[in-house]
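These notes are about the structure you will find just below.
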Amino acid sequence: KIALALSQDQIHEVFYRLGLGQFSGIGFPGESTGVLPNRSRWSDIERANFAFGYGVSATALQLAQAYAVLASGGISVPVNLLKQQEAPIGRRIVDARHAEQLRQMLEQVTGSKGTAKKAQTEHYTVAGKTGTAHKVGSGGYQAGHYLSLFAGFAPADQPRIVTVVVVDDPKGAEYYGGEVAAPVFADIVAGSLRLLNVAPDKFPQRQLALAGGAR
């Protein structure tokens, strides 16, 4: 409904500003630009599919770059494979209010009523989104073959790390991103934030009760 209320140029422009359909700038040989269609006219079904990610392809780095924009409050910062001595200069591409609204929505995805409860960590709040896509072959979508992913950042309120987990062709009955990729995301993020010495922003109820009793 939202996609059909927007023009195709508006939809395309947002994706392009987030880094889809173009090189990331890291200069790594063989990097793919993915696929971001830019035709003079799309059908209604194409616009709807485009809005939720079908008809588009992106690399894990492009997804991480896009989520980093939301994690930084709407600021796009150049990505690099090497640690920089000084923070690169970013540019605003998403209104801060809209970025905050999306951050809150993404945090709800990992909540008790969300689709990615398994992305939660014990000591850090997280925000993100699941993804499950049919793999494409020469004859169209391949039955029974999927890409399962989870993309997000943590801590949710003051992000320090963005992580994208992609599981290629998961085996077994479960293949959804919330079941397959989200637990991997939780392990990676929790371990990484501890290594970065980031203070926890979430505490189990038992620890809160003990802390209250100590006072």
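Everything in the sequence shown is counted per the numbering used here, starting at 2 for the first residue and increasing by one. Note that the Cβ used here is the ideal one computed from N, Cα and C, for glycine as well.
Comparing C-alpha distances from SER77 to each of LYS84, GLN85, PRO89 shows the shortest one belongs to PRO89. Taking a cut-off of 8 Å on C-beta distances, the region 126-136 touches the region 160-177, as three or more cross pairs fall below it. Burial is judged here by how many other beta carbons sit within 10 angstroms of a residue's own beta carbon; PRO30 has fewer than 16 and is exposed. If you compare the alpha carbons of GLY141, SER149, PRO160, LYS114 with that of ALA128, the shortest gap goes to PRO160.
A check of alpha carbon separations from PHE186 across LYS203, LYS172, PRO156, ASP170 identifies PRO156 as the nearest.
Between the C-alpha atoms of ALA182 and LEU7 there is a straight-line separation of about 31 Å. Taking C-beta atoms under 8 Å as the contact rule, LEU37 and TYR55 fail to qualify, at a distance of about 13 Å. The residue from ALA144, VAL166, GLY153 with its alpha-carbon nearest to that of THR126 is GLY153. ALA49 and ASN198 have their C-alpha atoms spaced approximately 42 Å apart. Under the DSSP assignment, GLN143 falls in the beta strand (DSSP E) whose first and last residues are 141-155. Put simply, the region 66-76 touches the region 160-170. At least three CB pairs are less than 8 Å apart. Boundaries of the alpha helix (DSSP H) harbouring HIS99: 97-110, taken from the DSSP string.
The residues TYR17, THR34, LEU37, in chain order, have a CB closer than 8 Å to that of GLN23 in the same chain once the five nearest residues on each side in sequence are set aside.
VAL80 places its beta carbon less than 7 Å from that of SER25. DSSP places ILE162 in the uninterrupted beta strand (DSSP E) bounded by 162-169.
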